[in-house]
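Beneath this line is the structure, given in structure tokens, with notes to follow.
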Amino acid sequence: MWSACISPRPSMRWCCVWTKKTQIQALDRSAPVLPMMPGMPERRTHDHLRGGVTTLFAALNTATGEVIGQIHRRHRAVEFKKFLVRIDKEVPAGLEVYLICDNASTHKTPAIQRRLTAHPRFHVHSTPTSSSWLNQAERWFALPTDEQIRRGIHRNVQSLERDIRSWIKTWNEEPKPFVWTKTADEILERLAGYPKRIPDSGHQSGSSSIGPSSSTHPPGPPPSAVSASLS
Numbered sequence: 001m002w003s004a005c006i007s008p009r010p011s012m013r014w015c016c017v018w019t020k021k022t023q024i025q026a027l028d029r030s031a032p033v034l035p036m037m038p039g040m041p042e043r044r045t046h047d048h049l050r051g052g053v054t055t056l057f058a059a060l061n062t063a064t065g066e067v068i069g070q071i072h073r074r075h076r077a078v079e080f081k082k083f084l085v086r087i088d089k090e091v092p093a094g095l096e097v098y099l100i101c102d103n104a105s106t107h108k109t110p111a112i113q114r115r116l117t118a119h120p121r122f123h124v125h126s127t128p129t130s131s132s133w134l135n136q137a138e139r140w141f142a143l144p145t146d147e148q149i150r151r152g153i154h155r156n157v158q159s160l161e162r163d164i165r166s167w168i169k170t171w172n173e174e175p176k177p178f179v180w181t182k183t184a185d186e187i188l189e190r191l192a193g194y195p196k197r198i199p200d201s202g203h204q205s206g207s208s209s210i211g212p213s214s215s216t217h218p219p220g221p222p223p224s225a226v227s228a229s230l231s
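Laid out in structure tokens, this is it:
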């Protein structure tokens, strides 16, 4: 599956990574933003007015960079099922759909399993716990966040959702896939020695103490191991 996502063949399969961005806030500034001027950066107030939150579901095609997006106010199994229906409608018939997603319980409910059984072209693979760094869609989320959401002014959720949809539409006009700068073998070789350093990290497996040292999940690998860039 790892190799399929790094070197997908669009003529045979539609390989995508899926994730969701929750708690996207519609924020309005308490005062107008002062535009950038010669010798003066853009200025804005440090406080804001909250207008509600929404959630963006996104499936990133690893071969083309195209994104199938859908907005929901909640992120339960019900919404995930609706998103699967959306993917099924947009992906051309005859292509196998390889969907890489996180290990959330909402993907494993009986309703979701029945949906997947009824549509055998879907092949869902879950990443291990604490491995969101594998998900290219997480990296893609940084783009609309930096370019649209964080810099935008939204007095209500409807305005925020319109801007998100508009941004995705513009992105899909000239999509850019992420290109891994290392091969699968190089990444796995880099990760092979990582567990040996875990005993020195201060994390104790099985510890019952409360605090940072009680975590049983090691932190993610250094960025150099899984670096990716836009082509």
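Reminder that position 60 of the sequence shown reads as 60 in full-length UniProt numbering, one-by-one numbering, no gaps. Beta carbons are placed, not taken as given, at the ideal position from N, Cα and C, and that holds for glycine.
Query	Result
Contacts around Ala141, its chain only, beta-carbon distance under 6 angstroms, and the 5 residues preceding and following it disregarded	Note on identity: in this sequence residue 141 is Phe, with Ala being the wrong assignment. If we look at Phe141 and ignore the five residues flanking it on each side, its Cβ neighbours are Lys21.
Nearest-angstrom Cα separation, counted from Pro110 out to Gly65	31 angstroms
Segment contact flag, the segment 46–54 with the segment 21–32, C-beta cutoff 8 angstroms, min 3 pairs	yes
Distance, Leu99 Cα to Phe178 Cα	16 angstroms
Length of the line joining the Cα atoms of Thr54 and His125	26 angstroms
One or two residues paired with Ser126 in a DSSP bridge	Cys101
For Leu95, the three-state DSSP class (helix, strand or coil)	coil
Cutoff 7 angstroms; reference residue 241; Cβ partners in own chain excluding five residues on either side	Within the shown structure, residues of the chain are numbered from 1 to 231, placing residue 241 beyond reach of any answer.
Leu188 burial status per 10 Å Cβ neighbour count (16 or more: buried)	exposed
Cβ pair Trp14, Leu84 closer than 7 angstroms	no
Nearest neighbour of His119, chosen from Ile71, Asp88, Thr127 and Ile149 [CA to CA]	Asp88
Asp185 burial status per 10 Å Cβ neighbour count (16 or more: buried)	exposed
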